[in-house]
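In this note's numbering, the protein residues as written are 288 to 562.
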């Protein structure tokens with residue numbers, strides 16, 4: 288008897304019912320079961336035949352199926368052991384192009400599991416989406432691209448422009464390392480179970496040349512201070528880092544407030560901190 292192919296697999300709702308599985312709220316799980324949506328995300332990611340993709344939090348494998356359909360090789364990192372049997376069934380139908388790792392994505396060495404250049408494509412668990420992104424932006428692993436789903440509020444913060452209400456630390460750090468754009472919005476009803484908020488997909492592509500890690504570290508300090516007291520003038524909010532003298536060294540108005548300083552301005556402040 289021949290093994291099933293991806294096209295032979297039953298709908299995800301049937302698979303979940305067969306295994307009697309529900310989303311676990313403590314893991315921030317909300318499943319995408321509509322293959323039309325997951326296929327669109329796979330297209331937006333730009334991955335294809337032979338590409339290596341890391342997917343965090345695949346759950347029952349809706350997005351995983353769509354990524355495998357592109358011909359990519361997928362490394363799936365799943366913390367919830369309940370979904371490992373479902374993913375193993377999917378692996379059997381994908382000619383060995385799916386590798387499954389059970390573990391906490393915050394602790395997994397992404398460079399080691401990728402084994403080389405790789406893309407990140409994930410419907411991230413809501414409760415760890417932002418810490419995971421910060422890890423990937425500031426850590427040693429540099430993905431070829433990241434196509435990631437977040438709560439819409441978080442997605443807007445990543446891609447925000449200076450003077451936007453959502454502009455803050457996350458935008459500055461993200462846009463120092465990558466170009467960032469919201470490429471897809473999804474209503475809550477697209478998920479099972481529906482979350483209380485809308486979601487959005489952000490496409491991030493690392494900038495060349497890569498920024499110096501010391502600059503990114505200094506940028507995290509500067510933005511933490513500046514946006515931690517965003518209603519204050521920079522001379523006050525950055526007092527612990529040099530205040531007005533630091534601003535003058537960086538060529539930034541010390542009477543300005545954080546939300547009016549663009550990414551390049553914060554990079555100048557970070558360089559001034561570095562000396």
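Note that beta-carbon positions come from the ideal geometry of N, C-alpha and C, so glycine has one too.
Please read these numbers as outputs of a predicted model, since none were measured by experiment.
Quick check on DSSP: helix, strand or coil for residue i?
i	result
residue 422	helix
residue 371	helix
residue 539	coil
residue 462	helix
residue 434	strand
residue 476	helix
residue 494	coil
residue 439	helix
residue 468	strand
residue 320	coil
residue 456	helix
residue 444	helix
residue 517	coil
residue 429	coil
residue 297	coil
residue 292	coil
residue 357	coil
residue 560	helix
residue 335	coil
residue 416	helix
Which partner residues of residue i appear in the DSSP bridge assignment?
i	result
residue 341	362, 407
residue 387	363
residue 487	437, 472
residue 330	Bridge partners of residue 330: none, in fact.
residue 544	520
Using only the alpha-carbon positions, how far apart do residue i and residue j sit?
i	j	result
residue 480	residue 364	21 Å
residue 409	residue 435	5 Å
residue 563	residue 420	The chain is shown from 288 up to 562; residue 563 falls before or after that span and cannot be answered.
residue 487	residue 402	29 Å
residue 390	residue 367	8 Å
residue 549	residue 448	8 Å
residue 417	residue 467	14 Å
residue 500	residue 428	12 Å
residue 533	residue 339	43 Å
residue 505	residue 377	43 Å
residue 547	residue 470	25 Å
residue 369	residue 361	19 Å
residue 510	residue 502	12 Å
residue 342	residue 385	10 Å
residue 381	residue 540	57 Å
residue 404	residue 337	11 Å
residue 560	residue 528	7 Å
residue 399	residue 542	46 Å
residue 324	residue 374	19 Å
residue 531	residue 455	20 Å
residue 333	residue 520	42 Å
residue 525	residue 512	6 Å
Just tell me which of the options has its CA closest to the CA of residue i.
i	options	result
residue 294	519, 379, 554	379
residue 300	414, 339, 478	478
residue 328	472, 517, 483	472
residue 407	447, 367, 335	335
residue 551	514, 331, 562, 538	538
residue 484	490, 525, 476	476
residue 345	395, 292, 465, 318	318
residue 493	343, 426, 526, 431	431
residue 321	340, 465, 297, 398	297
residue 457	399, 445, 519, 536	445
residue 415	441, 385, 461, 303	441
residue 453	423, 396, 514	514
residue 508	437, 450, 425	425
residue 331	396, 388, 348, 353	353
residue 562	544, 543, 545, 536	536
residue 497	355, 461, 383, 302	461
Report buried or exposed for residue i, applying the criterion of at least 16 other Cβ atoms within 10 angstroms of its Cβ.
i	result
residue 307	exposed
residue 393	exposed
residue 490	buried
residue 522	buried
residue 518	exposed
residue 372	exposed
residue 412	buried
residue 443	buried
residue 292	exposed
residue 304	exposed
residue 358	exposed
residue 347	buried
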